[in-house]
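Everything on this sheet refers to the single structure shown next.
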């Protein structure tokens with residue numbers, strides 16, 4: 001069957017040759033993936049430096065941090081952080097980490113690079129949208145960073161940006177004028193970028209799979225990205241209009257989120273009748289899926305890395321996929337647990353508590369499948385697998401505190417305390433970051449054609465693993481003792497005895513943060529001076545290891561799309577190449593098989 | 001432990017091959033036809049899937065705005081009803097008419113593509129659609145002017161706030177559709193139009209139509 | 001490397017559990033009549049979550065230890081029971097666990113939040129604003145005067161916006177900067193926000209509720225131990241959030257009466 | 001423009017620039033000697049209103065700092081003989097040339113109160129906000145944006161260096177600390193020479209050039225009163241004001 005598009009054949013893309021088309025405004029999903037990775041890397045170091053400054057301030061409230069006044073003369077006069085500057089750094093830390101690291105790195109960066117290759121496609125179906133997706137996200141990041149340079153500095157409202165604090169304007173505090181507008185604009189722009197990305201991910205998965213690549217033959221990473229993109233599509237499509245309404249409340253004087261008769265600094269505010277809970281509903285309808293957007297790709301990556309290093313398939317591929325799907329579906333039904341004491345109807349608190357508790361079931365299943373699959377495996381220990389196993393440990397530690405926070409009665413004690421901070425840092429931030437590290441050490445050879453240094457990698461792992469526990473485990477203890485989060489200093493009598501714990505955490509955070517410089521060095525050093533990587537250094541089975549060159553050529557497979565003959569993880573068998581058979585190898589295999 | 005001998009390698013065969021009209025988007029054409037073996041070659045081209053994904057996202061956005069409206073209205077003591085500008089009904093007719101003309105154009109182009117006897121230029125109908133689309137946007141602008149002439153601005157009242165936000169959001173999406181139409185016409189002009197592009201654009205346009213009718217009902221019933 | 005890793009996991013898991021078991025940092029002692037179910041629920045959940053945590057970490061460590069050794073010739077084994085066994089185990093164990101927790105937790109929650117205050121509970125109004133709490137007692141007439149937001153002037157210490165010249169009910173209202181309550185008397189706390197979202201959290205009293213601007217909520221509780229406690233704000237409200245607090249003094253009825261008299265004299 | 005004669009144009013510009021620079025350098029010196037004074041006192045007639053005591057229990061530091069005195073509001077402070085403190089006196093009419101002031105005044109936060117309660121200043125005059133307290137304050141003035149004065153809100157943790165600011169337009173600006181809601185004071189921004197009454201209600205406006213003037217007294221509760229005075233070169237004029245207690 002032919003159509004008029006035949007006329008266009010000849011005009012089609014050859015690999016670009018100019019520097020700009022090749023490395024900057026590239027439509028190649030691999031370049032875009034690397035760009036996203038670079039953005040996330042810049043963002044994560046910015047976010048980490050912010051957290052250092054915050055931690056130093058929390059440990060020693062009147063400490064002068066030399067040179068801090070260069071960052072903000074009003075925020076740190078005499079190098080000592082003001083209360084508002086602490087909150088501004090905290091807000092930026094949260095926003096940068098959640099949006100520009102945890103969403104971009106595991107999902108947009110690795111997803112862009114590997115999803116098309118893993119399904120055997122030559123590119124995403126809408127490469128120009130894909131390019132826009134990155135550049136729009138980049139602009140969003142610039143807009144956010146720009147708020148550091150406006151007169152009042154960035155917003156201090158926290159990454160959740162609750163109204164009316166975020167909606168009444170500068171009278172509510174430094175950064176609540178222009179800072180919030182820039183914040184909301186940045187997030188709205190970011191949503192556009194992620195919507196374009198999700199559109200490509202979904203369509204690639206549904207339409208661009210190569211011959212033989214049935215849905216169940218897709219690797220778990222692909223499933224993770226696919227499920228995440230479906231979540232992203234719905235979640236970001238809700239956050240974007242919410243941000244626009246917030247901006248309108250600011251610049252156009254509307255009252256979507258601002259109630260009547262508010263008096264700030266002895267001034268009666270002109271707004272009227274808005275619903276403050278409306279923002280919370282809209283935000284958390286996005287916000288809870290967002291934490292799964294951060295962690296589900298990590299789950300996929302960890303599974304993918306683990307099977308290659310366990311030399312066996314997961315106990316059940318399908319159960320893992322169904323569980324990730326269940327997380328995605330349930331994530332929309334649980335958001336109210338963020339609002340147990342918000343003044344929402346107490347009956348709905350109970351209604352939200354049950355799905356929240358039930359979401360532990362698919363999470364438990366995922367963890368049990370991981371641990372159960374370790375049984376009887378031939379585990380290889382390398383940096384990638386260490387980080388993958390570390391992620392499991394972190395996910396367990398962060399996950400169990402979910403039992404507490406799912407219950408409204410315990411939320412009375414724990415809401416808005418460090419217990420919550422410890423919970424989400426472990427379960428979504430550290431776990432997702434471990435997923436990113438695992439993916440980096442695993443795929444770096446394919447992305448850059450060079451191996452990463454294993455010794456440095458292992459040092460990095462040990463410091464990070466022990467460090468992360470030293471930082472985030474004590475958060476739970478602080479929370480149990482009633483230590484409220486988002487305090488710049490602990491002036492309350494009952495919080496004074498907890499300050500030594502904070503100092504311990506600060507020291508741990510500085511050391512752990514410094515360890516990340518080892519990673520950065522390893523990344524840069526290996527990129528240029530690493531050992532040359534073979535095409536398939538881990539003896540892995542999925543299609544990204546079947547590309548004709550390393551890194552893969554412009555169209556991924558050198559003009560011939562592979563044909564897929566097997567389920568994704570044919571490990572632990574006797575194949576012609578060793579104990580594995582690649583997905584595109586036509587040979588017959590004997591294997592442990594998979595239970596459906 | 002069960003060691004099983006696998007079945008011979010399976011390659012999924014399409015159970016019911018459908019008519020393929022298009023090779024798909026992207027740089028699908030880099031791959032020589034004999035090498036291009038997709039698992040889903042019988043499935044619709046990416047543009048057809050993509051447009052539904054896009055429609056889902058846009059629906060979600062308007063669902064969020066709708067729920068915001070319902071929540072905001074629920075607790076409000078300051079909600080003021082107003083009669084919607086009557087030009088909106090006229091605009092609705094214009095938009096529906098544009099959908100009809102676009103559908104005519106689409107069928108003509110399809111006929112053209114299938115090399116049927118009738119090869120009359122379908123561009124004329126696309127121009128009409130474009131004109132009607134612009135007329136709709138102009139009509140919306142008139143509606144805003146009428147409303148502001150009554151003293152109802154964006155910030156006057158939550159009902160007028162929602163009116164402006166909903167109609168502006170729809171108009172923006174519609175302008176995107178107009179852009180798509182222009183692109184279709186350009187491609188038609190240099191014979192590089194794909195069937196899937198045309199289908200996707202027209203689906204989007206019809207969706208804008210349906211969305212507008214939904215918004216009109218929402219505005220009529222709730223504001 | 002694998003063995004060190006396994007041992008590290010176990011050591012971290014056990015070290016993490018020690019402060020919990022020893023209650024090195026724990027909820028402050030309960031001074032409320034409704035707090036008991038919360039504390040029991042907390043211990044219950046801690047036991048179950050703690051056991052799951054230890055079991056999972058230790059199992060993970062054991063498997064890492066055991067299966068990272070090269071075992072030439074040995075084939076890949078499947079976990080006994082396979083995936084289905086694990087799924088069933090997850091549903092049975094975790095499912096019953098969370099349902100039980102959910103049911104008991106809901107009961108504890110309902111006993112606090114879904115019971116009406118008794119009619120003779122003492123009404124006190126609390127107003128949250130950047131960055132302080134102020135309290136209002138209705139005075140001898142037992143009635144709160146209406147609020148006039150346009151009259152709010154912190155400069156004149158009219159924190160609530162009362163019109164004492166025109167509103168009869170406002171004349172005897174007593175506005176205070178600290179909260180005193182009689183012991184063993186139910187308090188009906190009417191919560192009002194002057195500006196933004198704030199929260200009312202007294203850990204010892206097992207009370208935590210957000211202030212919602214434009215929506216006046218109420219909670220009720222009874223304190224059963226005399227003492228001085230801190231009321232802190234937990235909802236980020238701006239630069240002074242960390243220092244937004246007030247003291248809660250639980251007193252004997254006599255002390256409370258004389259305290260209230262003193263406060264009335266200061267108005 | 002003189003496109004055809006670029007050198008002429010450049011020369012003209014040079015002369016213009018030199019004249020401007022000269023004007024700026026010489027300008028202030030051509031002012032008439034401003035060495036007259038206006039003195040007087042401000043009194044309150046009637047019973048002074050009751051000033052409410054301040055309960056600072058919110059911040060234990062403030063309670064401790066005020067352990068030996070009972071802090072109360074300072075909206076109306078009456079001294080011996082009915083003298084009214086914190087009244088700002090300034091010349092509202094009759095001033096012909098702008099005055100120069102070089103002193104940098106200090107607005108201090110001490111014991112969780114403002115000292116002084118009212119800080120008068122000239123337009124454009126730089127002043128310092130300092131803190132002597134071991135607790136963080138925030139300084140949040142509330143100017144009317146229509147005047148061109150830009151609102152700000154900045155906190156000052158213990159030991160922080162002074163904040164230096166100035167105001168662009170004459171206005172009586174209320175300043176508040178949100179962390180300690182009872183803290184409020186005033187920046188009285190006026191044009192020209194000014195004075196604030198002391199504890200006994202006495203004042204002296206210095207550096208007044210000779211001329212006929214309208215003197216205005218402003219009190220935050222009782223508002224404004226005016227009087228006409230004549231100041232001879234190097235001489236002194238007297239203006240007493242009496243506010244009526246409400």
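Chains as they are written, first to last, in this note's numbering: chain A, 1 to 596; chain B, 1 to 223; chain C, 1 to 267; chain D, 1 to 246.
Cβ coordinates follow ideal geometry from the N, Cα and C atoms, glycine included.
In this text, all values refer to a predicted model and were calculated from it rather than measured experimentally.
Inset, instruction - Would you kindly report the start and end of the unbroken beta strand (DSSP E) that includes residue 70 (chain A)? - result: Reading the first chain from its first residue, position 70 is the one you call residue 70 (chain A). Annotation for residue 70 (chain A): no beta strand (DSSP E) segment contains it, though the alpha helix (DSSP H) segment containing it runs 68-71.
Inset, instruction - Check the C-beta distance from residue 232 (chain C) over to residue 492 (chain A) and give it rounded, since I have them as a contact under 8 Å. - result: As a first step, residue 232 (chain C) is located in the third chain; it is residue number 232 there, counting from the start. As a first step, residue 492 (chain A) is located in the first chain; it is residue number 492 there, counting from the start. That pair is a contact at about 6 Å.
Legend entry - DSSP state of residue 157 (chain D) mapped onto helix, strand, coil: Stepping through the fourth chain from its first residue, residue 157 (chain D) is reached at position 157. In this structure, residue 157 (chain D) counts as coil in the three-state DSSP scheme.
Inset, instruction - Can you tell me which of D:126, D:169 and D:158 puts its alpha carbon nearest to the alpha carbon of residue 145 (chain D)? - result: Indexing the fourth chain from 1 puts residue 145 (chain D) at position 145. Measuring from the Cα of residue 145 (chain D), the nearest candidate turns out to be D:169.
Inset, instruction - List the endpoints of the continuous beta strand (DSSP E) containing residue 176 (chain D). - result: To locate residue 176 (chain D), count along the fourth chain from 1; it is residue 176. Its beta strand (DSSP E) spans residues 171-176.
Inset, instruction - Following the continuous alpha helix (DSSP H) through residue 91 (chain D), name the residue where it begins and the one where it ends. - result: In the fourth chain, counting from the first residue as 1, residue 91 (chain D) sits at position 91. Careful: residue 91 (chain D) lies outside any alpha helix (DSSP H), inside the beta strand (DSSP E) at 88-93.
Legend entry - Element boundaries [beta strand (DSSP E), containing residue 36 (chain D)]: Looking up residue 36 (chain D) in the fourth chain gives position 36. For residue 36 (chain D), the enclosing beta strand (DSSP E) covers residues 36-45.
Inset, instruction - Verify whether the separation of the beta carbon atoms of residue 171 (chain D) and residue 143 (chain D) is less than 8 Å. - result: If you number the fourth chain from 1, residue 171 (chain D) lands on position 171. If you number the fourth chain from 1, residue 143 (chain D) lands on position 143. Result yes, Cβ atoms of residue 171 (chain D) and residue 143 (chain D) sit closer than 8 Å.
Inset, instruction - Under 8 Å between beta-carbons, which chain B residues line up against residue 281 (chain A)? List them in chain order, please. - result: Residue 281 (chain A) sits at position 281 when you count from the first residue of the first chain. Neighbours of residue 281 (chain A) on chain B, chain order: 67 and 71.
Inset, instruction - Please name the residue, chosen from C:229, C:264, C:239 and C:261, that lies closest to residue 248 (chain C) on a Cα-to-Cα basis. - result: Residue 248 (chain C) sits at position 248 when you count from the first residue of the third chain. Comparing Cα positions, the closest option is C:229.
Inset, instruction - Have a look at residue 344 (chain A) and residue 202 (chain B) and give me their C-alpha separation to the nearest angstrom. - result: Residue 344 (chain A) sits at position 344 when you count from the first residue of the first chain. Residue 202 (chain B) sits at position 202 when you count from the first residue of the second chain. Each residue's Cα considered, the two are about 43 Å apart.
Legend entry - residue 522 (chain A) versus residue 446 (chain A) - alpha carbon distance: For the purposes of this step, residue 522 (chain A) is taken as the residue at position 522 of the first chain. For the purposes of this step, residue 446 (chain A) is taken as the residue at position 446 of the first chain. Spanning the two alpha carbons is a distance of roughly 16 Å.
Legend entry - Cβ of residue 184 (chain C) within 8 Å of any chain D Cβ: Here residue 184 (chain C) refers to the residue found at position 184 of the third chain. No, residue 184 (chain C) does not count as interfacial toward chain D.
Legend entry - Residues bridged to residue 201 (chain C) (per DSSP): The count along the third chain starts at 1 and reaches residue 201 (chain C) at position 201. The beta-bridge partner set that DSSP reports for residue 201 (chain C) consists of C:208 and C:232.
Inset, instruction - Determine the direct distance from the alpha carbon of residue 197 (chain B) to that of residue 136 (chain B), and round the result to whole angstroms. - result: As a first step, residue 136 (chain B) must be located in the second chain, where it is residue number 136. As a first step, residue 197 (chain B) must be located in the second chain, where it is residue number 197. Cα atoms of residue 136 (chain B) and residue 197 (chain B): separation of roughly 23 Å, rounded to the nearest angstrom.
Legend entry - For residue 381 (chain A), the three-state DSSP class (helix, strand or coil): Taking the first residue of the first chain as position 1, residue 381 (chain A) is located at position 381. Secondary structure of residue 381 (chain A) (DSSP, three-state): coil.
Inset, instruction - With DSSP collapsed to three states, give me the class of residue 241 (chain D). - result: In the fourth chain, the residue the question calls residue 241 (chain D) occupies position 241. Reduced to three states, the DSSP call for residue 241 (chain D) is strand.
Inset, instruction - Mind reading off the beta-carbon distance from residue 118 (chain C) to residue 34 (chain C)? Whole number of angstroms is fine, and I expect it under 8 Å. - result: The sequence position of residue 118 (chain C) within the third chain is 118, counting from 1. The sequence position of residue 34 (chain C) within the third chain is 34, counting from 1. With 8 Å as the limit, residue 118 (chain C) and residue 34 (chain C) do not qualify as a contact, their Cβ atoms being about 13 Å apart.
Inset, instruction - Let me know if residue 368 (chain A) comes out buried or exposed under the rule of 16 or more other beta-carbons within 10 Å of its beta-carbon. - result: Position 368 of the first chain, counted from the first residue, corresponds to residue 368 (chain A). It is buried - the Cβ of residue 368 (chain A) has at least 16 other Cβ atoms within 10 Å.
Inset, instruction - Using only alpha-carbon positions, find the residue among A:136, A:431, A:162 and A:33 that is nearest to residue 117 (chain A). - result: For the purposes of this step, residue 117 (chain A) is taken as the residue at position 117 of the first chain. Comparing Cα-Cα distances from residue 117 (chain A) to each of A:136, A:431, A:162 and A:33, the minimum goes to A:33.
Inset, instruction - May I ask you to list the residues that DSSP assigns as paired with residue 133 (chain C)? - result: As a first step, residue 133 (chain C) must be located in the third chain, where it is residue number 133. Beta-bridge analysis with DSSP links residue 133 (chain C) to C:128.
Inset, instruction - Would you mind reading off the limits of the beta strand (DSSP E) that contains residue 122 (chain B)? - result: Indexing the second chain from 1 puts residue 122 (chain B) at position 122. For residue 122 (chain B), no beta strand (DSSP E) run applies, since DSSP gives it neither H nor E.
Legend entry - Distance, residue 61 (chain A) Cα to residue 512 (chain A) Cα: Taking the first chain and counting its residues from 1, one reaches residue 512 (chain A) at position 512. Taking the first chain and counting its residues from 1, one reaches residue 61 (chain A) at position 61. Spanning the two alpha carbons is a distance of roughly 21 Å.
Legend entry - Closer than 8 Å at the beta carbon, the chain A residues around residue 60 (chain B): Position 60 of the second chain, counted from the first residue, corresponds to residue 60 (chain B). For residue 60 (chain B), the chain A residues whose C-beta falls within less than 8 Å of its own C-beta are 233, 234, 237 and 238, listed in chain order.
Legend entry - DSSP beta-bridge partners of residue 182 (chain C): Stepping through the third chain from its first residue, residue 182 (chain C) is reached at position 182. Here residue 182 (chain C) is bridged, per DSSP, to C:251.
Legend entry - Collapsed DSSP secondary structure at residue 218 (chain A) in the structure displayed: The residue given as residue 218 (chain A) occupies position 218 in the first chain. It is coil, neither helix nor strand.
Inset, instruction - Quick one: residues in its chain with C-beta nearer than 7 Å to the C-beta of residue 238 (chain D), no 5 flanking neighbours on either side, listed in chain order? - result: Taking the fourth chain and counting its residues from 1, one reaches residue 238 (chain D) at position 238. Around residue 238 (chain D): 39 and 40.
Inset, instruction - Return helix, strand or coil for residue 24 (chain B), following the three-state DSSP convention. - result: As a working mapping, residue 24 (chain B) is identified with position 24 in the second chain. Model confidence at residue 24 (chain B) stands at a pLDDT of 31, short of 50, so the residue's coordinates are unreliable and nothing is read from them.
Inset, instruction - Return helix, strand or coil for residue 166 (chain D), following the three-state DSSP convention. - result: Here the question's residue 166 (chain D) lines up with position 166 in the fourth chain. Coil.
Inset, instruction - Please decide whether residue 49 (chain B) counts as near chain A, where near means a Cβ-Cβ distance under 8 Å. - result: Looking up residue 49 (chain B) in the second chain gives position 49. Judged by the 8 Å Cβ criterion, residue 49 (chain B) is in contact with chain A.
Inset, instruction - Given a cut-off of 8 Å, decide if residue 526 (chain A) and residue 451 (chain A) are closer than it, judged by their beta-carbon atoms. - result: Within the first chain, residue 451 (chain A) is the residue found at index 451, counting from 1. Within the first chain, residue 526 (chain A) is the residue found at index 526, counting from 1. Taking 8 Å as the cut-off, the Cβ atoms of residue 451 (chain A) and residue 526 (chain A) count as close.
Legend entry - Beta-carbon spacing of residue 504 (chain A), residue 496 (chain A) below 8 Å: The residue you call residue 504 (chain A) lines up with position 504 of the first chain. The residue you call residue 496 (chain A) lines up with position 496 of the first chain. Taking a C-beta distance under 8 Å as the contact criterion, residue 504 (chain A) and residue 496 (chain A) do not qualify as a contact pair.
Legend entry - chain E contact residues for residue 75 (chain B), given Cβ-Cβ distances below 7 Å: Annotation note: the requested chain E is absent from the structure, which comprises protein chains A, B, C and D.
Inset, instruction - Would you mind sorting residue 220 (chain C) into buried or exposed? The rule is 16 or more other CB atoms within 10 Å of its CB. - result: Mapped onto the third chain, residue 220 (chain C) falls at position 220. The residue in question, residue 220 (chain C), is buried, as its Cβ has 16 or more Cβ neighbours within 10 Å.
Inset, instruction - Would you please state the rounded distance, in angstroms, between the beta carbons of residue 94 (chain D) and residue 232 (chain D)? I believe it to be under 8 Å. - result: As a first step, residue 94 (chain D) must be located in the fourth chain, where it is residue number 94. As a first step, residue 232 (chain D) must be located in the fourth chain, where it is residue number 232. About 14 Å separates the Cβ atoms of residue 94 (chain D) and residue 232 (chain D), ruling out a contact at the 8 Å cut-off.
Inset, instruction - May I ask which residues mark the beginning and end of the alpha helix (DSSP H) holding residue 97 (chain D)? - result: Residue numbering aside, residue 97 (chain D) sits at position 97 when the fourth chain is read from its first letter. Secondary structure note for residue 97 (chain D): it is in no alpha helix (DSSP H), with a DSSP letter that is neither H nor E.
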